[in-house]
Every structure is written in C-alpha cells, then in structure tokens.
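S.K.:
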Amino acid sequence: MHAKTGEKEPNLDSAPSPAPSSATNLDYDAIVIGAGISGMYQLYRLRELGLRVRVFEAGTGVGGTWYWNRYPGARFDSESYSYAYSFSQELLDEWDWTEHFSPQPETERYLNHVADKFDLRRDIQFSSRVEAAHYDDEQNCWAVTLSDGETCRSRFLVAAVGPLSAPTWPRIDGVDDFQGQAFHTGLWPKEPVSFEGKRVAVIGTGATGVQTIQEVAKTAGHLTVFQRRPNWCTPLHNRKIDAAEMRELKKGYPEMFQHCRETFSCFLHTPDPRNTFDVSEEERQAFWEKVYASPGFGIWVGNFSDMLLDRAANKAVSDFVAGKIRQRVTDQRVAEMLIPKEHGFGTRRVPQETHYYEVYNQPNVELISIVDTPIERITATGLETSDREFEFDIIIYATGFDAITGSFDRIDIRGMDGQSLKQKWRGALETFLGVQVAGFPNMFMVMGPHTALGNIPRSIEYNVEWVADLIGYMQDRNLTRAEARPESVADWTNFVIEKSEGLLSNEIDSWMTGINQNVEGKQTRIIARFSGSAVDYREHCDEIAAGGYQELMLA
Ligand code: NA7
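Going by our numbering, the sequence shown opens with residue 1, and the numbers climb by one from there.
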C-alpha cells in the first residue's frame, strides 16, 4: 500500500486538471444510485456536508434489499439490533425490535421510519431506474440517464446498488410459457400471495429458498422443492423480544457496537481462538452442540479458527452437521439428498433455518434432485424433468442474484474515454478499497467488489462515512476530482488476493466467488470479496485518509 500516515497535505500532483466548471452549473453535487441501507445513509451524510444530493431509486419505496425481498419468510439472519444503523443515538433509543431476527415487514417499517425521521424522501426520486452513468471528461461530471430518458449531471456519483440486488431467472427453456403464477423471490409482489391448498414449486435452495420453503410448506396443498446443490443449513433459534429485554439490550448498545467493530466480520459472533484438533473429541462435540443450539451465525462465524482453512477440520464439522440432518429427517434417502457432498460446511453462505429439515417429513412436501433428474423445460402447466411431468399452480424461483458485480453490470457505466466498467471488470476485477476504480473519477461504490461484507450494515456505515469524509476533505480544499491511482488499484487488488489465499470458500462455486450459471460470462471463479478481517480493512482505509489520500489523484 502507498499509505503515508501523517501526511496531511493535499495531494495535487499528476492528475489532469479539471475543467473550470463549478458544481453550480450542474444539476446536483452528488447523485446516489439506490435508496437501500447504503443510499439512505449516504444521502444523510452528504447532506451534512451541504451538498445538493439526488437519490434515484427504481422501487416505489426505501429499503433496497428489504423493499424487494418481501417473499414469505424473509428475515434477518443476524441479530436485529446488531444489523441496524448505529449512527444516531436518538434512532437507537426510539426503535424497539420485536424479534431477535427481524422479519422483512418489520425491517421495511424500520427503514421507512428512518426515512421519515431524517426527512430523506424529499431528495429521493422513486420509480427511477438508472440506465446509464457516463463520466464527462471536459466538465468533470457524471451524466446520469434514467430509463424514462431523463438525464441529469452531478460532480460525484455514488453507486449504492447493493451486492445482491440483480435477481437472476434460471436459464431453463420455457420460463415464459408457464400460465400459472410465477415469482422470483427478489421481485416479490406487494400483494399477498396465498398458497392455501395450492400446488407449489420452489426452485433453488440457497438462503432465500430455505426461508421460503419452510414458510410455504405450512399452507401449500403440495410443495415440490427442486434442489440442484444442497446447502448446509443450521438453526436460527429466533425468538420474540419483550419490552424488558429490549430495555436491557439498549443499555448494552455501546458495548455491542464496539464489540462488532472488533470482530472479524463485524458480527456479534467471534471465532473460537482454538483450532479444531486442539481439543479432545468429547470437547469438540460439546462445543459444536453448544453452537448448534445457539442463535444465529455462531456455528459459522463463531466456530474453531481453522474451520475454513483446514480440510480435516472442515470435514469434521461437516460430519457433525450431517449427523444433525440425518437425525432430523426421517427418510434417510431424503436426508442423504439434503447433505452437501461437494462442499464443506461454511464454505458457502450458511442458510439459517427454522424447522427446515422437518419440512421434508411432511406428507405434502417432496424433494427432487435436479442433478439426478434435470429440469428440461418449464411448460404452460408446470415443468418437465428428465423423468416426470409436474403440474403446478405457482412456481417460485429462489434462484438468486447476479451478485457483487451484477448490480453494476446492468447499468451502462462509462468512465474516462468512454470506457465501460462492465467490460473493464470482465477483463479483470480491480478496485481500490472496493470504493473506487481507476479511470472512473469521482465515482464511489458502497459495498462494491473487494470490500469487507460480513455484517453488511456495519460495513456500509464505515464505507459511507469514508466516502463522505473524502468528499468533505475535497470540499475544504476546493478539490473537484478524485481518481484512484493505477498503482493503488494494483496494490489493493493484490492485497485482496493475498488475503483470500488458503480460504476453502474460494475453491467453491458460489455467488461469493462470482459464479452464476444463469449469467453469461460468470462461470469462472474470481476473488470478489475482501476476505481479510473488517478490522484490517478499516485500518487500511483509515491510514489512507490520515495520510491525505496519497493513493488518489486529487485535483
Ligand atoms: P443463492 O444462494 O445464489 O441460491 C440460489 C439457488 O438457486 C441455489 O440453490 C442454486 O443452485 C439454485 N439455482 C440457480 N439457478 C438454478 C437453475 N437454473 N436451476 C436450478 N436451480 C438453480 O441465492 P439466494 O437468493 O438464496 O441467496 C443469496 C444471498 O442473499 C444469500 O446468500 C444471503 O446472503 C442473502 P446451486 O447452488 O447453484 O446449485
């Protein structure tokens, strides 16, 4: 890294001089794409700097992920209070969570409350999908075009587009032929959908599919689950929070947020410092029983330190969880279908469940492996696999997202000399801190590729504040242009790759390694995330700010 801690003087060399245009000639000082958790907070922070900000949001309401993903059973997998904004004491004091893992409707209410409290809506333009964002070298500004053709210009562009927001439909023949009701979980309608007595299919068994299946199975006449690769799912152990418990939780907020700042991925859970085979077999089993019985991601991010690094350790914990699946599923043929064989526990995102495995003991639920009998086509009345025809009233596609880069790819983003971001990243995914891209001046990403994901709102708050601090720094010095130096990008990208070495998750196909079989050109694994600790990530970013942003060309 090029961080030069202590150097506070602005760094003005080697950047091309911007045109003498002032932001007053532009429609806005900053345009933010997306009014999810990132975009809402970015608006709040940029307003504090006195900037004229416009947020463009494709939906009709705030919330991003928590606006679109209103499928049955959608809820947090992280403890609600640890997953909320932490920047406003007043907000922390006044909001009560009713469950340890908040259901989507409550989270959406919370985000609407935030929008109202801070009067965010007056700067958010809803039903406005950004189609293109082009950097104008001469004017040193971004021209942003919406799907209705409206174009406006701003000095800064913040892409707060989310790492999991571009839903993907499966590439199966006939997807448009089905005459019944068909839904993608990430584009779920606002109107209630009844499954009562209906013949329902769910395709996909990721974190979303699992939440959907366990809910739909309660009322569906018959539910058929089409599973490609099974995932390792563990119990969520959700429960209600009463007023007294909420009061106690609030008292502990300062320590809780401090704790999240210190853990590897900002979760409440923190890895056990011991390695798997440091302890006796008996102790190991007792520890796993304890984390299996604990709420949330403890068993994933609070497990033995070597669980995701050491193959034997990973095999041991996988065997433990496989044993639980065998105990919970009555039909052992079905249990074996539900046990992942080609990836170890925790190497893909671990879905959190509530009686998910028991669903397969219900007489109205059937599991079909589409590895054994592939879906050949969707038909007008259902679908056909290689050995059977199925009829359905409803098909639910829980087939995931074009993750991490997909939400950028679907916007025609062009930097200097008309260079396309999508094309650039198809060549090589390179960023600076996951926040900037060389050749894309004044464009900032919140939760872009190569950032630390983990407990996402914690990472968002940090990213947003870092971007606002940089813009504030530029304002104070009458600087109007920030671009990552190519060598800073190379250094950061190498650092990200270095940090990913040895991590078993990076040897597995999943959205976390940039794989999506439904999207052309996304069949090769990439290092898409920063897999070092969030503490490490922040240290780097803090150093850069403290050093006067020497890694950027400022002008
Ligand atoms: P995921 O985790 O990407 O899961 C998508 C699921 O859909 C997964 O089981 C896929 O099987 C399956 N899938 C995808 N395409 C097909 C086709 N063409 N045919 C059959 N099955 C298919 O997405 P989620 O929405 O569940 O979760 C995304 C993240 O959002 C989650 O991790 C949380 O962090 C929040 P595969 O595994 O590829 O064999």
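The beta-carbon is built from N, C-alpha and C at its ideal position, and this holds for glycine as well. These figures come from a predicted structure and were not determined experimentally.
1) Please tell me whether F444 has its Cβ less than 9 Å away from any Cβ of chain D.
2) Do you know offhand how far L552's Cα is from T107's?
3) Between which two residues does the alpha helix (DSSP H) carrying A320 extend?
4) To the nearest angstrom, how far is the alpha carbon of Q550 from that of E79?
5) Hey, which unbroken runs of the alpha helix (DSSP H) at 4 residues or more fall wholly within the region 332-384?
6) State buried or exposed for A490, treating a residue as buried only when at least 16 other CB atoms are found within 10 Å of its CB.
7) Please report the residue range of the beta strand (DSSP E) in which L146 lies.
8) Shorter than 8 Å, the distance from the beta carbon of L554 to the closest heavy atom of ligand 1, or not?
9) Any chance the CB of W511 is under 8 Å from a heavy atom of ligand 1?
10) Can you tell me which of the three DSSP states M553 falls into?
11) Where does the unbroken beta strand (DSSP E) through V32 begin, and where does it stop?
12) Is the beta carbon of S127 sitting closer than 9 Å to the one on I31?
13) Quick one: residues in its chain with C-beta nearer than 6 Å to the C-beta of Y44, no 5 flanking neighbours on either side, listed in chain order?
14) Using only the heavy atoms of ligand 1, determine whether one of them is closer than 8 Å to the beta carbon of A316.
15) Please determine, among R239, S531 and D536, the residue with the shortest C-alpha to C-alpha distance to L308.
16) Let me confirm a value: Q332 is counted as buried when at least 16 other C-beta atoms fall within 10 Å, else exposed. Which label applies?
17) Kindly identify the DSSP beta-bridge partner or partners of I395.
18) Using DSSP with H/G/I as helix, E/B as strand and the rest coil, what is V193?
19) Thinking C-alpha only, which one of M256, G296, I33 and I404 is nearest T354?
20) Looking at ligand 1, does it come within less than 8 Å of Q214, judged from the CB to the closest heavy atom?
21) Quick check on this structure: which residue in Y360, T405 and I339 has the alpha carbon closest to the alpha carbon of V350?
22) Using beta-carbon positions only, say whether V158 and I33 come within less than 9 Å of one another.
23) Just to check my reading of the structure: P170 and G186 have Cβ atoms closer than 8 Å, yes? What is that Cβ distance to the nearest angstrom?
24) Helix or strand or just coil, what does DSSP make of S102?
25) Please classify E430: does DSSP put it in a helix, a strand, or coil?
26) Within its chain, find whatever has a CB closer than 6 Å to the CB of S510; leave out the 5 residues flanking it on each side and keep chain order.
27) When the Cα of H113 is compared with those of L91, R426 and V130, which residue comes out closest?
28) Can you have a look at K290 and say buried or exposed, based on whether 16 or more other CB atoms are within 10 angstroms of its CB?
29) Assuming W95 and N442 form a contact by the criterion Cβ under 8 Å, report the distance between their Cβ atoms to the nearest whole angstrom.
30) Count the other C-beta atoms from every protein chain shown that fall within 10 angstroms of the C-beta of A160, then say buried if there are 16 or more, exposed otherwise.
31) Consult DSSP for F56 and reduce its assignment to one of helix, strand or coil.
32) Which same chain residues, not among the five before or five after T379, have their C-beta less than 8 Å away from its C-beta?
33) Express the C-alpha separation of L268 and E99 in angstroms, rounding to a whole number.
34) For S17, count the other beta carbons within 10 Å of its own beta carbon; 16 or more makes it buried, fewer makes it exposed. Which is it?
35) At the level of alpha carbons, what is the spacing between D116 and E501?
36) Alpha carbon to alpha carbon, how far is V53 from M474?
M.R.: This is what the structure holds:
1) Here there is only one protein chain, and chain D is not present.
2) Residue mapping note: residue 552 aligns to position 552 of the sequence shown, counting from 1. Residue mapping note: residue 107 aligns to position 107 of the sequence shown, counting from 1. When rounded, the distance between both Cα atoms is 37 Å.
3) Position 320 of the sequence shown holds residue 320. Looking at the sequence provided, one finds Phe at residue 320 rather than Ala. Looking at the DSSP string, the run of the alpha helix (DSSP H) that includes F320 is R311 to R328.
4) One-based indexing of the sequence shown puts residue 550 at position 550. One-based indexing of the sequence shown puts residue 79 at position 79. Taking the straight line joining both Cα atoms gives about 38 Å.
5) 332-338 and 356-359
6) Taking the sequence shown and counting its residues from 1, the one referred to as residue 490 is at position 490. The residue is exposed, with fewer than 16 neighbouring Cβ atoms inside 10 Å.
7) Here residue 146 refers to the residue found at position 146 of the sequence shown. C141 to L146 is the extent of the beta strand (DSSP E) around L146.
8) In the sequence shown, counting from the first residue as 1, residue 554 sits at position 554. Short note on L554: C-beta not closer than 8 Å to any heavy atom of ligand 1.
9) Within the sequence shown, residue 511 is the residue found at index 511, counting from 1. W511: yes, Cβ under 8 Å from ligand 1.
10) For the purposes of this step, residue 553 is taken as the residue at position 553 of the sequence shown. Residue state, collapsed to three classes: strand.
11) Residue mapping note: residue 32 aligns to position 32 of the sequence shown, counting from 1. Element bounds for V32: Y28 to I33.
12) Numbered from 1 along the sequence shown, position 127 holds the residue referred to as residue 127. Numbered from 1 along the sequence shown, position 31 holds the residue referred to as residue 31. Not closer than 9 Å, so no.
13) Reading the sequence shown from its first residue, position 44 is the one you call residue 44. Here the set comprises F118.
14) Translated into positions along the sequence shown, residue 316 becomes position 316. No, since every heavy atom of ligand 1 falls outside the 8 Å radius drawn around the Cβ of A316.
15) Within the sequence shown, the letter at position 308 stands for residue 308. Nearest option by C-alpha distance: S531.
16) Position 332 of the sequence shown holds residue 332. Q332 is exposed by the Cβ-count criterion.
17) Along the sequence shown, read from residue 1 onward, the residue named residue 395 stands at position 395. DSSP lists A182 and A201 as partners of I395.
18) Position 193 of the sequence shown, counted from the first residue, corresponds to residue 193. Here DSSP, grouped into helix, strand and coil, assigns V193 to coil.
19) As a first step, residue 354 must be located in the sequence shown, where it is residue number 354. Ranking M256, G296, I33 and I404 by Cα distance to T354 puts G296 first.
20) Taking the first residue of the sequence shown as position 1, residue 214 is located at position 214. Outside the cutoff, so no.
21) As a working mapping, residue 350 is identified with position 350 in the sequence shown. Ranking Y360, T405 and I339 by Cα distance to V350 puts I339 first.
22) Here residue 158 refers to the residue found at position 158 when the sequence shown is read from its first residue. Here residue 33 refers to the residue found at position 33 when the sequence shown is read from its first residue. Yes, the pair counts as a contact, with Cβ atoms nearer than the cut-off.
23) Locating residue 170 in the sequence shown gives position 170, where the first residue counts as 1. Locating residue 186 in the sequence shown gives position 186, where the first residue counts as 1. Going by Cβ atoms, the distance from P170 to G186 rounds to 13 Å, so no, they are not a contact pair.
24) Position 102 of the sequence shown, counted from the first residue, corresponds to residue 102. Three-state DSSP puts S102 in coil, outside helix and strand.
25) For the purposes of this step, residue 430 is identified with residue 430 of the sequence shown, where counting begins at 1. Note: E430 maps to coil in three-state DSSP.
26) For the purposes of this step, residue 510 is taken as residue 510 along the sequence shown, with counting starting at 1. Excluding residues within five positions, the ones whose Cβ falls inside 6 Å are R348.
27) As a working mapping, residue 113 is identified with position 113 in the sequence shown. If we check each option's Cα against that of H113, L91 comes out closest.
28) In the sequence shown, residue 290 corresponds to position 290, counting from 1. K290 should be labelled exposed.
29) Here residue 95 corresponds to residue number 95 of the sequence shown, with the count starting at 1. Here residue 442 corresponds to residue number 442 of the sequence shown, with the count starting at 1. That pair is no contact at about 34 Å.
30) Counted from its first residue, the sequence shown places residue 160 at position 160. Looking at its Cβ environment, which holds 16 or more other Cβ atoms inside 10 Å, A160 is buried.
31) Stepping through the sequence shown from its first residue, residue 56 is reached at position 56. DSSP places F56 in strand when its eight states are reduced to three.
32) The residue you call residue 379 lines up with position 379 of the sequence shown. For T379, where only same-chain residues beyond five positions count, the Cβ hits under 8 Å are G174, D177, F178 and E389.
33) As a first step, residue 99 is located in the sequence shown; it is residue number 99 there, counting from the start. As a first step, residue 268 is located in the sequence shown; it is residue number 268 there, counting from the start. The straight-line gap from Cα to Cα measures roughly 16 Å.
34) As a working note, residue 17 is residue 17 in the sequence shown. With a pLDDT of only 38 at S17, under 50, the local geometry of the prediction cannot be trusted, and the value read off the model is given with reservation. Exposed is the call here.
35) The count along the sequence shown starts at 1 and reaches residue 116 at position 116. The count along the sequence shown starts at 1 and reaches residue 501 at position 501. Answer to the nearest angstrom: the Cα atoms are 44 Å apart.
36) Here the question's residue 53 lines up with position 53 in the sequence shown. Here the question's residue 474 lines up with position 474 in the sequence shown. Rounded to whole angstroms, V53 to M474 spans 16 Å at the Cα level.
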